[in-house]
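Structure first, commentary second.
Residue numbers (this note's numbering): 58 to 412.
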């Protein structure tokens, strides 16, 4: 009996036990906002990519007097994106007028059409950040619980944003002709559809779409084709489990989350948290972006990519580490910086020659 008791105590301290984890067995168990699923699916079918600048990701509406008395809203990028996307449910034909939709801060609130030399069209939604300053008065509404007398006469700052109207957005698109066929955006859209079903968008930057092999093949297009083949494989339970967890528990992913593709020689996959540090978060009221990612490299005309199956295997290990009974988890469960500092596995990549 003493031996069994000692083993049990040792296992408890070592984290030998694990709790039962219910892994999703269908997409319906991962994400349930049918309106977002529908409109992201429509965009995916038209090979639409989204560029949300890093600055935009951290923008929040807030009212504050000091660090103890402030009110901070949810990050605005996903909510604003969903509002503009909802128009495509009414006017699906507009999805054939552009290749990229981006949201970024500008000098004025406007919608611009930007064209690259190869004919690629970006719809750029640009917003303005507005800071209003005033003094706390007797009739002021405090952004915290407290006495007006305590803050009377103190400076109060409200941060707001001016976005283009839906009418401006649709008016610009209606004037656009059908988009041209652009080789770097010609790829299978099955992976984008796979993400859309889960309330996820591909984390796109303009630079990645221009990358070529020495033979002139577009790297992103080839990778999208590979990931589309991967997405046809049996249900990736651990990948889908973390899509669900991030959607439910990360402040940044309450409406839409992202999937990342990173170029690095030391190939890895896992979960990335883009963090400015605890001190920065505490002072500015910002939240970190948490997302699942995979990586690739290009060597001697070969595109090396960590597959979705390898990513799923990596996340299986992470699931065990996070759900086991132990005194210290490998990542944070705080909503403002969910899963910080992140998790990664170095894996042998799948190698395919650029076609």
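C-beta atoms are modelled at their ideal positions from N, C-alpha and C, and glycine is treated no differently.
Alpha-carbon to alpha-carbon, residue j and residue i
i	j	result
residue 402	residue 292	20 Å
residue 59	residue 79	Low local confidence applies: a pLDDT of 44 at residue 59 is under 50, so the model's placement there is unreliable, and no value is given.
residue 339	residue 137	Note on residue 339: pLDDT 48, under 50, position unreliable in the model; the coordinate value appears next. Their Cα atoms are separated by approximately 24 Å.
residue 353	residue 399	18 Å
residue 367	residue 189	49 Å
residue 230	residue 380	47 Å
residue 209	residue 124	16 Å
residue 100	residue 356	32 Å
residue 134	residue 109	8 Å
residue 206	residue 195	8 Å
residue 387	residue 375	8 Å
residue 250	residue 385	37 Å
residue 77	residue 377	10 Å
residue 176	residue 193	53 Å
residue 389	residue 88	22 Å
residue 238	residue 202	56 Å
Beta-carbon spacing of residue i, residue j below 7 Å
i	j	result
residue 329	residue 395	no
residue 319	residue 347	no
residue 81	residue 289	no
residue 217	residue 187	yes
residue 284	residue 316	no
residue 363	residue 324	yes
residue 272	residue 120	no
residue 253	residue 97	yes
residue 127	residue 200	yes
residue 221	residue 185	no
residue 256	residue 213	no
residue 158	residue 103	no
Minimum C-alpha distance to residue i - residue among the options
i	options	result
residue 235	156, 131 and 161	156
residue 333	343, 327, 326 and 325	343
residue 308	190, 117 and 375	117
residue 243	280, 226, 368 and 223	280
residue 269	241, 182 and 100	241
residue 232	251, 180, 99 and 267	180
residue 260	111, 93, 83 and 88	111
residue 345	173, 146, 397 and 107	397
In DSSP terms, what residue i is bridged to
i	result
residue 402	326
residue 108	159
residue 179	157 and 171
| Residue ranges of each alpha helix (DSSP H) run of no fewer than 4 residues wholly in the stretch 317-362, ordered along the chain? | 335-341
| Where are the beta strand (DSSP E) runs, 3 residues long or more, that stay fully inside the stretch 118-147, in chain order? | Segments of the beta strand (DSSP E) lying fully in the stretch 118-147: 127-132.
| request: Identify every run of the alpha helix (DSSP H) within the stretch 224-312, keeping only runs that are complete inside it and at least 4 residues long; order them along the chain. | output: Correct list: 247-254, 276-287 and 294-306.
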